[in-house]
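Visitor: A single structure is presented below for examination.
In the UniProt record's numbering, the protein residues as written are 1 to 205.
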C-alpha cells in the first residue's frame, strides 16, 4: 500500500491532482485488463495495485501452454514431459504468477513456500504479486542458514525416502502459507511440506 503523501512528495503535486490521476490510471488498467487499483481508506491507507488477467486471456494462455506441452519431442525417459524451458521463460512465468496469485488476493496468506529449484521462479512471481515473502525449502540443510528443521518424507515420484529442511529463521510460528511448485505426481512432496510446516505450528491454506 502506497500512501498519497508519498506520491505528493515524489511528484511535487497536490493530493487532489494525484487522486485525479489515480482515477485515470485505474480506468486505463481496467480497460487493458491489466489489473485494478484499490483505494484503502484510513490513516494507514493509500492505493494498492493488484495485477490481474481476465478470464478470456487466462483461457487463451492455458491453451497456448497446452499446445506447447503437446509436442511429442518433450517426452523424456520415464514418460515425463520436459518443461524446464517454460518454467524459466520470464513471459510465461510472469503471466502464470499473476493468474495463480489472483486466487489468493482475498485470503490471509503470510508466506509462499516452494521446494528448490525449478518451482522457485513461479513461486517468486506469486509472492511478488501478493506482496509477501517467499520461503524456499531445501533438500539439504545449508550451514549459512543456521539451525534448521529437517524431516523425512516419501517421494511420490521415486517412492524413496528423502529429506527436506527449513531454517528456523525462515518464518514465524502460526503462519498461513500457500505451496507453489512446478510438478505434482504422487503428492509426497506436498504431504512433506504439510508435515514440515506443522513443526513451525503453521499450515497450508
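C-beta atoms are modelled at their ideal positions from N, C-alpha and C, and glycine is treated no differently. Just so it is clear, the structure is predicted and the values come from calculations on it, not from any experiment.
Assuming residue 124 is part of the alpha helix (DSSP H), what are its boundary residues?
Guide: Mapped onto the chain shown, residue 124 falls at position 124. Its alpha helix (DSSP H) spans residues 120 to 130.
Visitor: Give the C-beta separation of residue 130 and residue 104 to the nearest angstrom, bearing in mind that I take them to be a contact with Cβ-Cβ under 8 Å.
Guide: As a working note, residue 130 is residue 130 in the chain shown. As a working note, residue 104 is residue 104 in the chain shown. With 8 Å as the limit, residue 130 and residue 104 qualify as a contact, their Cβ atoms being about 6 Å apart.
Visitor: Taking the alpha-carbon positions, what's the residue 11 to residue 50 distance?
Guide: The residue given as residue 11 occupies position 11 in the chain shown. The residue given as residue 50 occupies position 50 in the chain shown. In a straight line, the C-alpha of residue 11 is about 22 Å away from that of residue 50.
Visitor: At the level of alpha carbons, what is the spacing between residue 39 and residue 46?
Guide: Mapped onto the chain shown, residue 39 falls at position 39. Mapped onto the chain shown, residue 46 falls at position 46. The straight-line gap from Cα to Cα measures roughly 6 Å.
Visitor: Exposed or buried, which one is residue 95 when buried takes at least 16 other CB atoms within 10 Å?
Guide: Residue numbering aside, residue 95 sits at position 95 when the chain shown is read from its first letter. That one is buried.
Visitor: Roughly how many whole angstroms lie between the Cα atoms of residue 143 and residue 165?
Guide: Taking the first residue of the chain shown as position 1, residue 143 is located at position 143. Taking the first residue of the chain shown as position 1, residue 165 is located at position 165. Cα to Cα, residue 143 sits roughly 12 Å from residue 165.
Visitor: Identify the continuous alpha helix (DSSP H) that holds residue 58 and give its terminal residues.
Guide: Residue mapping note: residue 58 aligns to position 58 of the chain shown, counting from 1. Here the alpha helix (DSSP H) through residue 58 covers 55 to 69.
Visitor: By the three-class DSSP mapping on this structure, what secondary structure does residue 141 have?
Guide: Residue numbering aside, residue 141 sits at position 141 when the chain shown is read from its first letter. Residue 141 falls in the coil class under three-state DSSP.
Visitor: With residue 152 as the anchor, note down where its beta strand (DSSP E) starts and where it stops.
Guide: For the purposes of this step, residue 152 is identified with residue 152 of the chain shown, where counting begins at 1. Per DSSP, residue 152 belongs to the beta strand (DSSP E) from 148 to 154.
Visitor: Would you call residue 66 buried or exposed, if buried means 16 or more other Cβ atoms sit within 10 Å of its Cβ?
Guide: Numbered from 1 along the chain shown, position 66 holds the residue referred to as residue 66. It is exposed - the Cβ of residue 66 has fewer than 16 other Cβ atoms within 10 Å.
Visitor: Identify whether residue 245 lies in helix, strand or coil by the three-state DSSP scheme.
Guide: The structure shown has nothing for residue 245, since the chain only spans 1 to 205.
Visitor: So, helix, strand or coil for residue 179, using DSSP?
Guide: On the chain shown, position 179 is the one that residue 179 refers to. Note: residue 179 maps to strand in three-state DSSP.
Visitor: Which word fits residue 127, buried or exposed, when buried means at least 16 other C-beta atoms lie within 10 angstroms of its C-beta?
Guide: Numbered from its first residue, the chain shown carries residue 127 at position 127. Under this definition residue 127 is a buried residue.
Visitor: For residue 125, which option in 13, 23 and 178 has the closest C-alpha, if you only look at C-alpha atoms?
Guide: Numbered from its first residue, the chain shown carries residue 125 at position 125. For the residues 13, 23 and 178, the minimum Cα distance to residue 125 belongs to 178.
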